[in-house]
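Undergrad:
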Amino acid sequence: MGCDGGTIPRRDELVRVKKKPEQKDKDAELAFRWKHCTIRQLPLQPPVVACGLGRLYSKESVLEGLLDRDTLPESAVHIKNLKDIKNLNLTPNPAFNGNKAEKGDCYVDGGKSPYICPVIGLEMNGKYKFCFLWTCGCVMSERALKEVKTSVCHRCQQPFTEADIVILNADGDDLRLMEERLNVRKIAQKSLKKKKRSNESTSTEVNEKDEVPKKKIKKEEKSTIPKKNINRNEAEDPAYRKAKESYSVAKDPKASEVFKSIFTSHKSAVDQDRAHWITYNPFYN
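Residue numbers for the sequence shown follow UniProt numbering, so the first one is 1 and each next one is one higher.
Laid out in structure tokens, this is it:
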């Protein structure tokens, strides 16, 4: 059995076999993740930031994503405000020459990274684990943290805890660990806010208690001032006496008879048939 020319066909030429999935280049994938933004898939532009899960972003793309949340991919939906990201303090690599043009007749080292570990000098290209501290944002290799065990940052001397260590581009178990640490930091932040609110409320209550006795003292001082008992009978003048309701012109000894006859309280006004001169109306009287 054979085809024309005496050739013998193979089985895979006659039977359709399921194709094997294409294998990704792991080195190229690592280099892409460590040099490109997670949101836009473009090269990282300073300032470079990272989230609580260790993913790298350009700050410009994060700001644009917060303004229009429809553009955010699923990997960045957990970023709700600028408090969910941290500015990274990266150490530049002096051996990196990113401005040099790539030529076809020369070898290009894709493992070269623009940043290195400030303690050991390892390149941040994905071959080694790198992490940053959430308290200060300083980036260093995980090996440096393990070799020099301290509770203070190697670069800026700022204290940190184990929950503040965030592994960059974490996968698998490391990613689950970063999620747990992220929840721990959120709980600690909420407790700090509650403590601040309680301290503010207690301070305001203390201030109010201090102000109350001062007001009472002022009132007591005002009440202790002796009031002058004014004898109105002694201080009254003739004009004031005449303004009283009990005053009558007919009983006033100083008023003359002519002056008294003007008023209705005079004896002559009692026997008068006509209306008084003030209420007199010629149409009715």
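Think of the CB as a built atom: it goes at the ideal place given N, C-alpha and C, for glycine as much as any other residue.
(1) Does the distance from the CB of residue 87 to the CB of residue 49 come in under 8 Å?
(2) Is the distance from the Cβ of residue 129 to the Cβ of residue 165 below 8 Å?
(3) For residue 124, which three-state DSSP category applies?
(4) Quick check: what's the CA-CA separation for residue 234 versus residue 262?
(5) Quick one: using the 10 Å Cβ neighbour count with 16 as the cut-off for buried, is residue 188 buried or exposed?
(6) How big is the Cα-Cα spacing for residue 21 and residue 149?
(7) Short check: CB of residue 248 to CB of residue 265, under 8 Å?
(8) What did DSSP end up calling residue 202 once you bin it into helix, strand or coil?
(9) Residue 153 and residue 131 look like a contact to me (Cβ under 8 Å); what is the Cβ gap, rounded to whole Å?
(10) Quick one: measure Cβ to Cβ for residue 73 and residue 91, integer angstroms, because I've assumed they're closer than 8 Å.
(11) Since I believe residue 41 is in contact with residue 60 (beta carbons under 8 Å), could you give me their beta-carbon distance rounded to a whole number of angstroms?
(12) Would you report the Cα separation of residue 175 and residue 9, rounded to the nearest angstrom?
TA: On the basis of the supplied data:
(1) For residue 87 and residue 49, yes; Cβs fall inside 8 Å.
(2) No. Outside cutoff.
(3) It is coil, neither helix nor strand.
(4) Residue placement at residue 234 is poorly supported in this model, since its pLDDT is 46, which falls under 50; the coordinates still yield a value, given next. If you take the alpha carbons of residue 234 and residue 262, they lie about 30 Å apart.
(5) Counting other Cβ atoms within 10 Å of its Cβ, residue 188 stays below 16 and is therefore classed as exposed.
(6) The alpha-carbon separation between residue 21 and residue 149 amounts to approximately 44 Å.
(7) Residue 265 sits close to residue 248, with the two beta carbons spaced by under 8 Å.
(8) Taken through DSSP and simplified to helix, strand or coil, residue 202 comes out as helix.
(9) Contact between residue 153 and residue 131 does not hold, since the beta-carbon distance rounds to 12 Å and is not under 8 Å.
(10) Rounded, the Cβ-Cβ distance is 29 Å, inconsistent with contact.
(11) No, residue 60 and residue 41 are not in contact; Cβ-Cβ is about 14 Å, not under 8 Å.
(12) Approximately 50 Å between the Cα atoms of the pair.
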